[in-house]
Amino acid sequence: MLHFSKLKQTSIWLVIVLGLLFALPNFLPDSIRGTEDIKGQIPGFLPSKTVNLGLDLQGGSYLLFEVDTDSVRAAKMETAQEESRQLLRSERPIIPARNFRISGNTVSFTLSRPDQMELALERLKPINELGQAQLLTGSANKPFVVSSDITSGRISLTLTDDALTKQTRDAVVRSVEVIRNRITELGTKDPTILRQGNSRIIVEVPGESDPVRIKRIIEKTAQMSFHMVDTSVSIQEALAGRIPPGAKLVRTTNPAEPDLLIQRRALVDGGDLTDSQQTFNQGGQPAVSFTFNSRGAIRFGNATAQNVGRRFSILLDNESITAPVIRSAILGGSGIIDGGFTVETANDLAILLRAGALPAKLETLNERSVGPGLGQESIRAGAIALMVGFLGVMIYMVLAYGRFGLFANTALIVNLVLILGALSGLQATLTLPGIAGVILTIGMAVDANVLIFERIREEVAIGRTPMNAVETGFTKARSTILDANITTLIAAMLLLLFGSGPVQGFGVTLAIGIFTSVFTAFLFSRMLTSYWLMRARPKSILL
Amino acid sequence: MALAFVRIFPNETSFRFVRLRNIAYACSMVAILGSMIAFFTLGINLGIDFKGGGNIEIQTEQPADLIKIAKIVRGLDLGEVEVREFGSPTEVLIRFERQEATDSSVNIERLQQTAARKVHIALYQSYSNVSITFDGLQSAVITSPTALDLEKGQQAMTTLGIVGLTLEAGADANSLLLRLPVMVIERQSGPELQQQVFEQARYKLLETYSTLTSQRTEVVGPKVSGELVRSGVTAVLGALFCMLIYIWLRFEWQFSVGAVAALTHDVLLTIGMFAVTQIEFNLASIAAILTIVGYSMNDTVVVYDRIREKLRMYKKMGLGDLIDLAINKTLSRTSITSLTTLLALVSLYFMGGEALRGFAATMIWGVVVGTYSSIFVAAPILLLLGIDRSETEDA
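If you want it as structure tokens, here you go:
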């Protein structure tokens, strides 16, 4: 046990030097180490990464969102209803239907003439093809189950659970993209946007300690669409319940005209937008400009050409933000929205439109934010506690074991360097509980050495020679050290598995600490002991 | 090198631990019983991680006037609010309860208002003149001078995306009955209400104290807090189970039963400590409990290892004497490791900052209890269970 081959010695020293190299960047100023912006002075092959600080230490915001499944379903059913209505009227003969109704996953309606059933079902086929098929890639299953009753003329389209799940997953994927776009527009540094499970999204924004601002920009669905204003009945009549088929009432942002009757079918929607900017109208008021892609431009151009003199409404999240009269056909595919904005609200809307609409409503489940000052303070307090604990343990080890205590202390210093090196090298996140983990590790790390030293002492007591005692001590302590550390490792692993956020950081440092402790106690301090024994050849060991 | 080493125990001890086992069992039983009583009577001070709710940590330039802050925040009608100093006189922690309908009638009203407003809008599109009156907590009667069509009302609600509420036929043609199932109340009272309340408080405070800076905010919705409770419990039980298996594989089954009994003892006493001291129980506390489990196991394994070794060495020695011998042989190590760990933890407690103080306190308790249980619970239990000596002779 005391003989170390050249290869083994070199490997041990190599691990320590590597640990040192990886730990070193943490103590270098940015100008030497280099950051994303500044070119560093360290040669490229050397590590230059510092410890990756958690949001609780560097300051920043963490938000957990959930995509609202109900709103995904509601939107889907709404579209299905409109689509069915359109399909029945798409060609001659028009198939009249009434009593459209959505309940849960089913949209149903009654044909005025049940004998048109076969024709109706034929017309409705595209609802299970085209648009749907694109969304539900990789599935041969049809999203809707169509059932019909020939005697009553009732047709029901039921969305399958499978299709709904896929729809939700799809909504999450698109939401992640949209959120990323929006956050990037805000100009924050290194945001992290991750999908979690089937319906959740994690947003981490370092440096931004005001989650309200982020939420304001994220939670808006920003679904925009252009609709013709329906003037076939007066608004009073509509409010009294006589809403023409295919029309709906919406709220507006204009206090002088709180309700507006519009056609359900959109002329164009936000999906066809290519750009949007904050600008000013002719009167010098803040406004938002928009530009359509060619498809949107053609559709918008045609619609405005056909409806000169009538009003259309721009709907944002089911609320009409403006309803101007069309003065002439808008053919260029661009225009501006006047909505009584301030520069800030106009700018926010432009960001939202550029970034695209969220496919569904988001719900905040959890938010944490830490100011940068507090993070600094935590690091400072943690470092002081570490140093004090470290010194306390080192002093005690010398008092308890003399020369061997020094070996253990050297191992402890190496241990700390290795932990820091491993954290930097693996780019694991160091959190506040993680700091506690490091401090705790310092206290527990000497255990392996203590076990060995106690064994050596016992062996000396039964009269073995120093060499022999040390040799036997290390051998006998080995399995105990392994057993003891594996059990702690089990606890650390469960923390990694089930812990969330900051607590996972504790599991990380605890686990790393176990490996470095075993390495330093079992290989490094043994090697030191063997160097000393070889050189000094002591006649007796005092322990 | 002729200095006296500072040790807690002399190198050779021969305490008769096993002889004390009945006293130790009694002490442990009383302590566990006490912990359970404390748990059920005093309860545990659950943090927002597990209960839902919000924390705001603020910093003021001048020492904060806690009474004034409490007055502002309580004025917001948020249910129970805790305002206390956090670490220094210029730092204040404000803790909100989870805002939910079942908490107080005030919140139910707020919730009803929201629901009523939504339904009103929905029906307004069909009927210009409807009024809603709440009847009890979960239902409302909708009336109109003209006849109300049920199907039309339902359709209006679906169109506006109002889910979970049900609309039924009323007592006569001019009225409808709206029901808010409890499920909906919970859903609605979750994040939405929470967020509103939270921002309200923050801005109110900022208005009054323009100089304060918000240091830390946390909001945990009921959904997430429920999940955190589950994963915390799973982690602790999972750890106990894995240890049971590991020890069983490495030793005999008696050892694994003894070890897990000792661990359960530690966990229960730690829960008792939370009840007695009312230290906030949060995510870090789960981490502390798992670490205590790991630490205590570590200690137990060291003693067990020695027992196993002695079983092979002294085949004729009585089990009680043998256990005593093993404990005495490892006593010096046990005490030194506990001491260095405590040194690190005490340093963390006093220097590590307010946020880690609860964690450090829990761990200090755990190290003490864990050390005790390895010596007085885990080892003597072997005597109770008995060990098949014939098998170990072959090993």
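In order, the protein sequence lines correspond to chains B and S. Letter by letter, the first sequence follows residues 1387 to 1929 in my numbering. Letter by letter, the second sequence follows residues -19 to 375 in my numbering. Cβ atoms here follow ideal geometry from the backbone N, Cα and C, with glycine treated the same way. These numbers come from a predicted model, not from an experiment.
- The secondary-structure analysis by DSSP pairs B:D1535 across a beta bridge with B:R1540.
- Secondary structure note for B:I1723: its beta strand (DSSP E) is the uninterrupted segment 1720 to 1723.
- Shown in chain order are the members of the segment 1824 to 1843 of chain B whose Cβ falls below 8 Å from a Cβ of chain S: I1825, L1826, I1828, G1829, M1830, V1832, D1833, V1836, L1837, E1840, R1843.
- Using beta-carbon distances, S:S68 does not count as an interface residue toward chain B, since no partner is under 8 Å.
- Around the beta carbon of B:V1729, a 10 Å sphere encloses fewer than 16 other beta carbons of the protein chains shown; the residue is thus reported as exposed.
- Judged by their CB atoms, S:L302 and S:I287 are nearer to each other than the 8 Å cut-off.
- Our two residues, B:L1880 and S:L217, have alpha carbons roughly 10 Å apart in a direct line.
- Among the bridge pairs identified by DSSP, S:Y294 is matched with none.
- DSSP places B:S1911 inside the alpha helix (DSSP H), whose first and last residues are 1911 to 1922.
- Around the C-beta of S:D304, 16 or more other C-beta atoms lie within 10 Å, and the residue is accordingly described as buried.
- Non-local beta-carbon contacts of S:G32 in its own chain, meaning distances under 7 Å to residues more than five positions away in sequence, involve R78, V200, G201, P202, S205 in chain order.
- No Cβ of chain B is located within less than 8 Å of the beta carbon of S:R64.
- Taking 7 Å as the cut-off between beta carbons, the residues of the segment 213 to 247 of chain S near chain B are T214, A215, G218, A219, C222, M223, Y226, R230, in sequence order.
- DSSP, read as helix, strand or coil, puts B:K1634 in strand.
- Contact annotation: S:D279 and S:V349 have beta-carbon atoms that are not nearer than 8 Å.
- Here B:G1420 has G1426, Q1427, I1428, S1434 as same chain residues with Cβ atoms under 8 Å from its own Cβ, once five neighbours each way along the sequence are excluded.
- B:V1589 has its alpha-carbon roughly 40 Å from the corresponding atom of B:K1511.
- Residue pairing of B:A1673 in beta bridges, as defined by DSSP: B:T1665.
- Looking at the DSSP output, S:R75 bridges to S:N35, S:E62.
- About 7 Å separates the beta carbon of S:Y226 from that of B:I1872, a gap short enough to meet the 8 Å contact definition.
- Listed along chain S, no residue sits closer than 7 Å to B:S1397 by beta-carbon distance, the nearest being about 27 Å off.
- As a beta-bridge residue in DSSP terms, B:S1611 pairs with B:D1655, B:L1701.
- Annotation note: the segment 1446 to 1511 of chain B contains the following uninterrupted alpha helix (DSSP H) runs of length 4 or greater, listed N- to C-terminal: 1455 to 1475, 1503 to 1510.
- Residue pairing from DSSP places B:D1645 in a beta bridge opposite B:R1637.
- Counted as a single uninterrupted DSSP element, the stretch harbouring B:I1588 is not any alpha helix (DSSP H) but the beta strand (DSSP E) occupying residues 1586 to 1592.
- Chain B places no beta carbon closer than 8 Å to that of S:S155, leaving this residue out of the contacts.
- Around the beta-carbon of S:F(-11), fewer than 16 other beta-carbon atoms lie within 10 Å, marking it exposed.
- Contact of S:N278 with chain B by beta-carbon distance below 8 Å involves M1830, D1833, A1870, N1871, T1873, T1874.
- Within chain S, S327, M331 have C-beta atoms less than 7 Å from the C-beta of B:V1774, given in sequence order.
- For the segment 282 to 313 of chain S, residues whose beta-carbon sits nearer than 9 Å to a beta-carbon of chain B comprise V282, Y284, D285, R286, E289, K309, T310, S312, R313.
- At a cut-off of 8 Å between beta carbons, S:K31 makes no contact with chain B.
- Distance between B:I1579 and B:A1691, taken at the CA atoms: about 43 Å.
- Excluding the 5 residues flanking it on each side, B:I1716 has same chain C-beta neighbours closer than 7 Å at F1686, G1687, T1690, in chain order.
- An exposed status is given to S:A151, since fewer than 16 other beta-carbon atoms sit within 10 Å of its beta-carbon.
- Partner residues in the beta bridge of S:E198, as assigned by DSSP, are B:R1754, S:N35.
- In terms of Cβ geometry, B:L1744 and B:V1564 form a close pair [threshold 8 Å].
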